Structure formats: structure tokens, C-alpha cells
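**Q** Would you mind keeping the following structure in view while I ask a few things?
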Ligand SMILES: [Zn+2]
Ligand SMILES: [Zn+2]
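In the numbering used here, the protein residues as written are 10 to 101.
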């Protein structure tokens, strides 16, 4: 599934092109598959993905900001109920 959160292949946070990694916005074993199924993923540069301070897997604020954005976009195509069914809670 293509991302419904981002159309261009560049870091979602800092807009850089070049070396990028795909990040599933709802991660963890079960949620990763659901993120893939619904296109809830973005490209991130190495730092915004994996750096142990600013990287999304360590930076709770960035993680939450991406989750809120993804939920908003998901709900434009589906509904709050469907989101809750898939991901178990609302971030909004
Ligand atoms: Zn970046
Ligand atoms: Zn990731």
C-alpha cells in the first residue's frame, strides 16, 4: 500500500532527499501490519528515524505528532470507529 500520509519521497520531518527509511507510524508487531495495510507510513532520514534523541523511535513528541496526523488522514477516508477498531485507541 502506498502512503496516504506523504506523497513525495523525502524526509517527512526535515524534507531532505537522499538516504531514507520507511517508517510505519503505528509500530509494534500487530500495528505495523495495519499501518502497511492502510498506508500509514512515511519516509524519514536516518536521524529522524533512528537517532537516539531526535529519532521517532526515541522521541515521544515526534511519535505522537505523526500518530495524530495519520489518524486525522485515516478518518477523512474512514471513521473514528474504524480507527479505534484497528488501532485500539484514539490519539486525537
Ligand atoms: Zn529528517
Ligand atoms: Zn520506524
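Where is the CB? At the ideal position from N, CA and C, for every residue including glycine.
This one's a predicted model, so the numbers in the text were calculated from it and none came from an experiment.
So, at 8 Å on beta carbons, what are the nonlocal neighbours of residue 33 in its own chain, with the 5 sequence-adjacent residues on each side left out?
**A** Excluding positions up to five away in sequence, the list reads 40, 41, 44, 45, 49 and 50.
**Q** Would you kindly report the start and end of the unbroken alpha helix (DSSP H) that includes residue 57?
**A** Segment 55 to 59, the alpha helix (DSSP H) holding residue 57.
**Q** In terms of residues, what are the limits of the alpha helix (DSSP H) holding residue 47?
**A** 38 to 47
**Q** Where does residue 91 sit, in a helix, a strand or coil, going by DSSP?
**A** helix
**Q** Can you find a heavy atom of ligand 2 that lies under 7 Å from the Cβ of residue 65?
**A** Yes, ligand 2 has a heavy atom inside 7 Å of this Cβ.
**Q** Tell me, please, which residues DSSP counts as bridged to residue 51.
**A** 32
**Q** Give me every residue whose Cβ sits closer than 7 Å to any heavy atom of ligand 1, in chain order.
**A** Working through the chain, the matches are 20, 22, 23, 25, 53, 54, 56 and 57.
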